[in-house]
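Participant: For the sequence shown, my numbering begins at 3 and goes up steadily by one.
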Amino acid sequence: MEDFQGKYDGNQIDSRLDKVKDMVGATASGAGAAGLVPAPAAEKRTAFLRGDGTWQDIDVHEPGFLGDNLDSEDDFRTILFNLGFDKEFTLTKAKYDIIASKCEVDIPIQYLLSGASSTYGVGDLKLIKDSSGNIQAMLRSGCNTGAGVIVSYHVMINISSDLTHTSIVTSHTVQSVSNQTKDISLTIGGDPVGDNRGINFSTAGTGTKALMDNGKYKEVQARGDIENAFLDTVFHLASDQPSTLT
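#1: Is N202 near D215, with beta carbons less than 8 Å apart?
#2: Suppose you measure from the CA of T218 to the CA of I111; what does that come to, to the nearest Å?
#3: By the DSSP assignment, the beta strand (DSSP E) with G207 in it spans what residues?
#4: Which residues in the same chain have their Cβ closer than 6 Å to the Cβ of I130, if we skip the five residues on either side of it in sequence?
#5: Run through DSSP, which three-state label would G86 get?
#6: By a C-beta neighbour count over all protein chains shown, 10 Å radius and 16 as the cutoff for buried, is S133 buried or exposed?
#7: Going by DSSP, what residue range makes up the beta strand (DSSP E) through K218?
#8: From the DSSP output, in three-state form, read off I60 for me.
#9: Any contact between the stretch 153-160 and the stretch 79-96? By contact I mean 3 or more CB pairs, one from each, below 8 Å.
#10: Output needed for T168: all residues of its chain with C-beta closer than 8 Å, excluding positions within five of it in sequence on either side, in chain order.
#11: If you follow the beta strand (DSSP E) that A49 is part of, which residue opens it and which one closes it?
Right, here's the structure in full:
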């Protein structure tokens, strides 16, 4: 303290304290006070401190697992699953209103699927609605169906305010080919239903086969064998040509 007082006179200390008071301190006033900030609010996690020293509330949607009730035809997720996977599903005004009630205008809202009562497993659902009432939904889910089969779904649904709707479904299936091999099968499915593309990956071979562009494996030769075969072919071609040297 003596050393501190020896270096600074009273005027210098007051000057520095004035600057500190402009930066720190709290008051119980909700609007703050000169040189102070509002008192911290316990558990208030949806506000930020503005430059003028006041708290500004912000809207935060915290996604959380909602109790799946996919056995109910009036659950908004059930309706969206039907829209995505059932091409013959008819959307009524009442069901549209159920979905619309879960949306915010021009603000994406996310819901998480716990998979408790869904054959499609754990996932999430994002909804957004424009000022005209058109709704866009993106649904992602996946599950282990057993026997080493893992399936994931990506569904994009567009719903117009006049109740017309379209959907695009893409699925990915990864599974073991059999219990006797270490081969893996990957299937990518899309619209229309049945338009699937599958490929098998062999991971326990001898290193003598390569995957061709038709999705099948073909025996290939080692590089040395290919080079020798090429030289033999060139030699035979040269031998079959008439000599032009004199």
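Think of the CB as a built atom: it goes at the ideal place given N, C-alpha and C, for glycine as much as any other residue.
Facilitator: Per the coordinate set shown:
#1: Not a contact, by the Cβ cut-off of 8 Å.
#2: It should be pointed out that residue 218 corresponds to Lys in this sequence rather than to Thr. Those two C-alpha atoms are separated by around 44 Å.
#3: Where G207 is concerned, there is no enclosing beta strand (DSSP E), given that its DSSP letter is neither H nor E.
#4: Result list for I130: P110, Q138, in chain order.
#5: Three-state result, G86: helix.
#6: Around the beta-carbon of S133, fewer than 16 other beta-carbon atoms lie within 10 Å, marking it exposed.
#7: Here K218 belongs to no beta strand (DSSP E), and DSSP marks it neither H nor E.
#8: Reduced to three states, the DSSP call for I60 is coil.
#9: Contact between the stretch 153-160 and the stretch 79-96 is present: 3 or more CB-CB pairs across the two stretches fall below 8 Å.
#10: Setting aside the 5 residues that flank it on each side, T168 is surrounded in the same chain by I159, N160, each with a C-beta closer than 8 Å to its C-beta; the list follows chain order.
#11: Segment 49-51, the beta strand (DSSP E) holding A49.
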